[in-house]
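Residue numbers (the working numbering): 11 to 459. C-beta atoms are modelled at their ideal positions from N, C-alpha and C, and glycine is treated no differently.
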């Protein structure tokens, strides 16, 4: 069985200089000799260099070992399929950092890489070019399936360069075979969204998509949703199981997002937090998910202005969706909205799940009526492990009741407003039970996939 090469004390951040690299290589040789004695054809198929800062000398020593045939034939690099080279140039000046990136990347020229993680490296366009071997070379052209470029500070110009590398070659381009593509916490802005659209337009087998935290505004977010809609219309979103589009602005383009989600029949993980959906957007999203019936286990819709302007239609749509995924949902987050007690009551009554373990409803302007509904919900979620209800408006008596009901499952309150938020409801009749009872009856008729 092929082994994974890792650094000594992988969780300890440190600078790896030439001396430490020599010692590291020596330890790798010992491990590999054991594999040779076992008769394994491929000695190593994965290397993790993450979390250390390598000097140019160290990079040269490691690259030399990986490509050499003096001790092992064929070279160790030739058998490596997974290269985790995230966070390898911390605190370095540009010139040595670029040298390290190029030296390490070029070491995989003879590999047939299936996964590359370059996250947490400060990479401008020069850095992307330095890593060209693992982004567009022969080592990945027919084999690369999983690519992560998270927290790289990718500008719109750098994203354009990445798009060029991943899409050049038409039918033989890198993007075509990707099953996983992650861009997170970059600064590519609206133009970067267009580059992302160009990349996924060439993709045919995506299963795990992450494009979040990229400073996209409304103009750029249109590229994201239209790109996904195009994929859906061509039948290329049916295999997607994970979709993270957090921190984009979909308020003006949620229709395209909904059309895309309609085709995500295998979706298990959906993160749409801080996406400016509003009640209309969240209703559209929930409606198509009810139609698609994906086996969602993770759903985050926090920070989407649900319930703004005292409108509870969005919350009722969320409740209907919850009722339809009771058999699969594990983690649900709808914090930082304005669902208030009437909306939270709808959601609470929808939960009848033995799978859910985490519920987050912080900062929703919830008062006593909502709290009572959550207390009643507790018996319907027997395997719940954590519930967060902070930044709401519960009296001391209600807080005590919540603590008695949920015990250690309830995260400690830090900023609870001790006045009952229900007293601020503009229309007190919204707190009455009749309408919600009717909704609860309707929810019980929802066909669970």
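Bounding residues of the beta strand (DSSP E) (the contiguous stretch that carries residue i)
i	result
residue 343	341-343
residue 370	368-370
residue 397	396-398
Supposed close pair residue i, residue j - CB separation, criterion 8 angstroms
i	j	result
residue 96	residue 127	5 angstroms
residue 9	residue 400	For the chain, the structure presents residues 11 to 459; residue 9 sits outside this window and is missing.
residue 87	residue 121	5 angstroms
residue 256	residue 283	5 angstroms
residue 259	residue 227	5 angstroms
residue 288	residue 315	5 angstroms
residue 154	residue 184	5 angstroms
residue 113	residue 69	4 angstroms
residue 317	residue 273	The pair is not a contact, with the Cβ atoms about 28 angstroms apart (cut-off 8 angstroms).
residue 267	residue 238	7 angstroms
residue 326	residue 356	5 angstroms
Beta-bridge partners of residue i, as assigned by DSSP
i	result
residue 24	62
residue 125	92 and 156
residue 15	57
Simplified DSSP assignment, three categories, for residue i
i	result
residue 188	coil
residue 431	helix
residue 138	helix
residue 39	helix
residue 416	helix
residue 82	coil
residue 194	strand
residue 457	With a pLDDT of only 46 at residue 457, under 50, the local geometry of the prediction cannot be trusted, and no value is derived from it.
residue 439	helix
residue 101	coil
residue 143	helix
residue 353	helix
residue 362	coil
residue 30	helix
residue 406	helix
residue 423	coil
residue 182	helix
residue 390	helix
residue 338	coil
residue 45	helix
residue 411	helix
residue 130	coil
residue 74	helix
residue 375	coil
residue 120	coil
residue 149	coil
residue 446	Annotation note: pLDDT 46 at residue 446 (below 50); position unreliable, no value reported.
residue 52	coil
residue 109	helix
Residue i - containing alpha helix (DSSP H), residue span
i	result
residue 383	378-387
residue 326	323-334
residue 168	166-177
Any chain C beta carbon closer than 7 angstroms to residue i
i	result
residue 208	As a matter of chain content, chain C is missing from the structure shown, which is built from one protein chain.
Inset, instruction - Could you tell me which uninterrupted alpha helix (DSSP H) segments, each at least 4 residues in length, are contained entirely in the segment 199-286, listed from first to last along the chain? - result: Complete alpha helix (DSSP H) runs here, min 4: 199-211, 228-243 and 264-271.
Legend entry - Every unbroken alpha helix (DSSP H) inside the segment 285-321 [4 residues or more]: Segments of the alpha helix (DSSP H) lying fully in the segment 285-321: 288-302.
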